[in-house]
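These notes concern the structure reproduced below.
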Amino acid sequence: RFMRCAFHCSEHFCQTEMKFVSLCMILFSVGAGGAVLKQPSLFRKISKSQALQDQSRALDRVIQSYAAKLKHGDTFEFLRTLRLCAPCNNYERFGEKNDGGYVMCTDGLENGLVGAYSYGINGFDGWGMAMASRFNIPLNEFDCFNLKRPAVCHGCIVNFKGECISGHNAPPKQNYKTLTEQFQAANNSNTQDGSLLLKIDVEGAEWQVFAQEPLENMRKFRQIVVEYHNIGQQHNHGRYLQAVKNVEQAGFAVTHLHGNNCCGDLKYFGEYSIPDVLEVTYLRHTSASCAAGIPYHIPGVDQANLPWNPEMPNATLPQ
98 RFMRCAFHCS EHFCQTEMKF VSLCMILFSV GAGGAVLKQP SLFRKISKSQ ALQDQSRALD
158 RVIQSYAAKL KHGDTFEFLR TLRLCAPCNN YERFGEKNDG GYVMCTDGLE NGLVGAYSYG
218 INGFDGWGMA MASRFNIPLN EFDCFNLKRP AVCHGCIVNF KGECISGHNA PPKQNYKTLT
278 EQFQAANNSN TQDGSLLLKI DVEGAEWQVF AQEPLENMRK FRQIVVEYHN IGQQHNHGRY
338 LQAVKNVEQA GFAVTHLHGN NCCGDLKYFG EYSIPDVLEV TYLRHTSASC AAGIPYHIPG
398 VDQANLPWNP EMPNATLPQ
């Protein structure tokens, strides 16, 4: 019996089940009188060993829990700045049904607007045309890669420029201009704060633009709709933080988020997660605190960018 048990223990030992070995050593000892229990000191050794194993497992759980939590730093602060914060009563989608459509807050939007700026249109601009026709304001379109002019809505004033936007401090480059220069060309340099609308989808150039843009220019907008790209590149989060903090300092907060389902799964940072490409709607927000209960997904308003792919899960962000 002992040999069978020892063989069984040896087999499990190869599988790291060492407790069977200890158990067999305790229970069986062969002598002339048959199997008897002996070596009581083994009880103390096994109890001590079991206690050490339990402590080791408990420590491992603590370490794993600690490792899973994102420490404060650029990534934490960057993600926190993207949390839903500014309340809105009425959300509406403008532009294309799928990619090219953006969600905005229409609370009081019909009053006091004098223009809209649309960057990265790629030959179509349903958002811009909707702004021009709905609010009867001039539309300024910019794209230096695709020079195809979108069809103009009836009665709309549309100015298309084969230009891209550059950071305020970026070196001069052909077909690139700063927002300050584009404001001057459109006679918006002295426009009142909160009287313009901005949509910008420029494949990653938005980070430099927002990080460097003077606050007085940003404040001329009432709402900003941006598609942020490459969020998963953690080595760039310091630069990204500069950009979103500049938007925040200009008086804006996030009212809506929608993950673009074009580009893979969520990106994870500790206990937090976020799409790699994210559509963000900013509102002017004067309160020092964030509103509670802002919906993430709005049925009938949010639509998948790629209709053949499932929608992205909600982001999980620091509050």
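Counting from 98, one number per residue, gives the positions in the sequence shown under this note's numbering. Glycine included, C-beta positions come from ideal geometry on N, C-alpha and C.
I believe residue i touches residue j by the beta-carbon criterion, under 8 angstroms. Please report the beta-carbon distance rounded to the nearest angstrom.
i                 : j              : result
asparagine 243    : glycine 220    : 5 angstroms
phenylalanine 239 : glutamate 207  : Going by Cβ atoms, the distance from phenylalanine 239 to glutamate 207 rounds to 25 angstroms, so no, they are not a contact pair.
threonine 383     : methionine 201 : Contact doesn't hold; Cβ gap of about 19 angstroms is too wide.
alanine 213       : isoleucine 254 : The Cβ separation is near 10 angstroms, so there is no contact.
glutamate 324     : lysine 166     : Wrong, their Cβ atoms sit about 29 angstroms apart, outside the cutoff.
glutamate 376     : tyrosine 199   : 6 angstroms
tyrosine 216      : lysine 296     : 7 angstroms
arginine 319      : arginine 231   : Not really, about 14 angstroms apart at Cβ, beyond 8 angstroms.
For residue i, which beta-bridge partners are listed by DSSP?
i                 : result
arginine 190      : Val200
phenylalanine 349 : Arg381
glutamine 320     : Leu294 and Leu380
serine 215        : Glu238 and Lys296
threonine 413     : Ser370
leucine 354       : Val377
arginine 325      : Note that residue 325 corresponds to tyrosine in the displayed sequence, not to arginine. Paired residue(s): Leu375.
lysine 364        : Ile371
Which one of the options has the shortest CA to CA distance from residue i?
i              : options                           : result
glutamine 289  : Gly361, Met315 and Cys253         : Met315
glutamine 330  : Pro372, Thr413, Ile262 and Lys168 : Pro372
valine 351     : Ser230, Arg177, His332 and Asn406 : Arg177
valine 374     : Ile395, Phe232 and Ile328         : Ile328
glutamate 313  : Asp222, Asn287, Ala229 and His355 : Asn287
glutamine 281  : Ile297, Val299, Tyr393 and Asn237 : Asn237
asparagine 284 : Gln305, Lys317 and Thr203         : Lys317
leucine 403    : Arg319, Lys194, His169 and Asn186 : Lys194
arginine 190   : Cys360, Gln400 and Pro410         : Gln400
histidine 394  : His353, Tyr365, Leu414 and Phe366 : His353
lysine 60      : Ser292, Ile218 and Asn233         : The structure shown does not extend to residue 60, since the chain spans only 98 to 416, so no value can be given for it.
With three or more beta-carbon pairs closer than 8 angstroms as the criterion, would you say the segment 301 to 317 touches the segment 327 to 347? yes
Assess, as a yes-or-no matter, whether the segment 248 to 255 is touched by the segment 265 to 278 under the definition of 3 or more beta carbon pairs within less than 8 angstroms. no
Pair every Cβ in the segment 332 to 340 with every Cβ in the segment 384 to 392, then say whether three or more of these pairs are closer than 8 angstroms. no
What are the uninterrupted segments assigned as alpha helix (DSSP H) that are 4 or more residues long and contained completely in the segment 248 to 287, given in chain order? 276 to 282
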